[in-house]
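Just add 29 to wherever you are in the sequence shown, counting from 1, and you've got the working numbering. All residues carry an ideal CB built from backbone N, CA and C; glycine is no exception. The model shown is predicted, which means the values in this text are computed figures rather than measured ones.
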Amino acid sequence: MPLPDQNAPQGVAPSLERQVALVFAPLDKRALGLALGIVVAVLLVAATAMTWVLDPDGKFPIELLGQFFYGYNRTIPGTLIGAFWGFVTGFCWGWFLAFARNFVLAVWLMIMRVRDDVASSRVFLDHI
C-alpha cells in the first residue's frame, strides 16, 4: 500500500494531483517543432508522390507550392527541397505554438495566483 503524499491537500487523490500537474506542464518547444516539421515534410512528399501517380500529365497545379518553397517542383530533387522547406516551416510553427501556449498558460496561472492571494488577504483583513 503506497504511503499518502504529505504535500497533497486533504481529500485530493495523488493520482488526480499528478494528472492536473501534467495538464499544466509546459510543452517542449523543440519536440513539438520537430514533430510538426516531420509531419509537414512527409505530407508534402506524399502529396507530390500522389500527383505523380494520379496526375501524370500535371493538370493539378501543385507546382504553385514553389511560390512558397523556393526550389520546389514535381521532380525528385525538387520534392526533397520542398520537404526541407516543409520541415523548416513545420518546425517554426510547432516551436511558436508551444511557446505561445506556454506563455499564455504561465500568464493565466500567474493571474490566478494573484487573484487567490488577493482573495485570501481580504479574508484575513476582514477578520482583523
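Exercise. Start and end of the alpha helix (DSSP H) containing K58?
Worked result: K58 to L83
Problem set entry | Spatially closest choice to G111 from A54, W81 and L94, by CA coordinates | L94
Exercise. Given T108, which residues of its chain have a CB within under 7 Å of its CB, disregarding the five upstream and five downstream residues?
Worked result: V74 and T77
Problem set entry | C-alpha gap between S149 and M139, whole angstroms | A direct Cα-Cα distance of roughly 15 Å separates S149 from M139.
Exercise. Quick one, which of T104, W122 and L45 has its alpha-carbon nearest P85's?
Worked result: T104
Exercise. Which same chain residues, not among the five before or five after F116, have their C-beta less than 6 Å away from its C-beta?
Worked result: G66 and A70
Exercise. Alpha carbon to alpha carbon, what distance is there between G119 and N102?
Worked result: 19 Å
For this session: Would you identify the three-state DSSP class for N102, choosing helix, strand or coil?
Result: coil
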